[in-house]
Amino acid sequence: MSLPEFNTYKVANASDRSKNFKVVTTNHPATNFPIGINMLDIKQKCNPRIRAYADNVSPADSNYDQFVGRINLETWGDTHVYGARCTWLDVSKHSLDFQFGKFSSGGMNAGDTTTAKSIDIQFTRAYHVPPKVVIWLTSLDSNCTYVARINAYADNITIGGFRLRIDTWCDSIIYNATITWIAVPSDNPNMTAGQLVTPGSASSGFQQKLIFDKPFKRVPRVMVAFNKLDVANNANLRITTSPKDITTQGMTLVIESWADTVIFSCAAGYIAIDDTLASRN
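The numbers in our numbering rise by one with no breaks, and the one at position 227 of the sequence shown is 226.
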């Protein structure tokens, strides 16, 4: 089962590493479907600037059952990106199971009082039981003089909504971050969601075996992306997260760096879905 994924490392002989895109086929008729970043390799001593987004979506057939669009990974300014990767949730236009949206933080400076942003999100349709809410980082613009520290998470989750929080700390300066949220129904047997948070100590990576809260009838598709970054800035920003050894019962989720990059703490949110069955609902 293939994953919805775009990896700029796989763009052969790219003439401009600041603008990369992949043409994809989706079931979603608009450009606002959920996208999250799950790998970064950015040169040291330039501001980490990266954004993932979709554009140029148009019908692929006369029945409007599928659509063709572009997934973009883009940087700007003096930022030098060696590589980046993102995933997305291919939300069918016929599905009411998922609800999702985006929020941009604006400036956050831990050197003054602007260390946190929050917003109350109201679901368009109430759930029967409180859903699981997954948070993904969709764009980041931060100051390289300081460690890029950002943590986005949901709390106070009810059947009608939740509070989205975005924090930074110590001396970090965040110029802007775009956060994507996805509400995943807790009572749907064909999907589940959660997150992995690394221990708060310097390391090159962490992995943990996770057991799904409900077994699947077949091996699910798993999409994962970051929602927290705290990575040393004395080397290139190299960080990746991915699932492995996926079964009907669980998986191992990996968050790691490479070369001389040190992770202080990171977190990643995942969605596991048997989309063959879910698409019938």
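Positions of the beta carbon are idealized from the N, C-alpha and C atoms, including for glycine.
Secondary structure of T239, DSSP reduced to three states: Strand at T239.
C-beta atoms of G35 and A224 nearer than 8 Å: Cβ distance < 8 Å, so G35 and A224 count as in contact.
Simplified DSSP assignment, three categories, for Y145: Y145: coil per DSSP, three-state reduction.
Distance between D212 and D119 (C-alpha atoms, nearest Å): In a straight line, the C-alpha of D119 is about 27 Å away from that of D212.
Residues that D140 bridges to, as DSSP identifies them: Under DSSP, the beta-bridge partners assigned to D140 are R48, N175.
Close beta carbons around S283, own chain, < 8 Å, minus the five adjacent residues each side: With the chain covering only 0 through 280, there is no way to say anything about residue 283.
Touch test, the region 73-80 against the region 24-34, Cβ-Cβ under 8 Å, three pairs minimum: Contact between the region 73-80 and the region 24-34 is not established, with fewer than three Cβ pairs separated by less than 8 Å.
N-terminal and C-terminal residue of the beta strand (DSSP E) that I156 is part of: Taken as a continuous stretch (DSSP letters only), I156 belongs to no beta strand (DSSP E), as it is neither H nor E.
For W135, the nearest candidate out of V128, R84, G160 (CA to CA): For W135, the closest alpha carbon among the candidates V128, R84, G160 is that of R84.
Cβ-Cβ distance between I165 and V132 below 8 Å: No, the Cβ-Cβ distance between I165 and V132 is not below 8 Å.
Per DSSP, the bridge partner or partners of G199: Answer is none; G199 lacks a bridge partner.
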